[in-house]
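Report on one structure; see the data block that follows.
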Amino acid sequence: MLAATDELMLVHYSLEAGAEGEPHAHDETTQATFVIEGALELRGERSRTLEAGDSYVVPPGTVHGVCALEPCRVIDAFAPPLEAYTSK
């Protein structure tokens, strides 16, 4: 975790090529992601490829997942924060 308040949390993480984030949804949290380096496939109702410099926003309740097409680094913002990260 990079930073967090009661309203917002920033997380940096790296994915190896082929790594997958299984489809899931956040009931009350909006997620915004910025791809720093590499490329990934955003999966959901519509799939698309995102490369360094691209970003996306996932509204609450929207099923989404990712697959790293090559090694990549991303920044995620969650508002409000997800307990799964803040309890670590």
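Under UniProt numbering, think of the first position of the sequence shown as 1, with each following residue one higher. Virtual Cβ for every residue (Gly too), placed ideally from N, Cα, C.
message = Pop quiz: L8 and P81 are said to be a contact at Cβ under 8 Å. What is the actual Cβ separation, rounded to whole angstroms?
response = 7 Å
query = Within the 8 Å Cβ cut-off, does S14 reach chain B?
reply = Judged by its chain identifiers, the structure shown contains no chain B, having just a single protein chain.
key: For A32 and G61, the rounded distance between their alpha carbons   = 14 Å
When H64, E83, F78, I75 are compared against E20, the one with the closest alpha-carbon = H64
task = In the DSSP assignment, find the beta strand (DSSP E) that holds A77 and state where it starts and stops.
result = 72-79
ask   = Mind pulling the beta strand (DSSP E) runs of 3 or more residues that sit fully within the UniProt domain "Cupin type-2" (12-77)?
value = 20-24, 30-37, 39-43, 48-51, 55-58, 64-68
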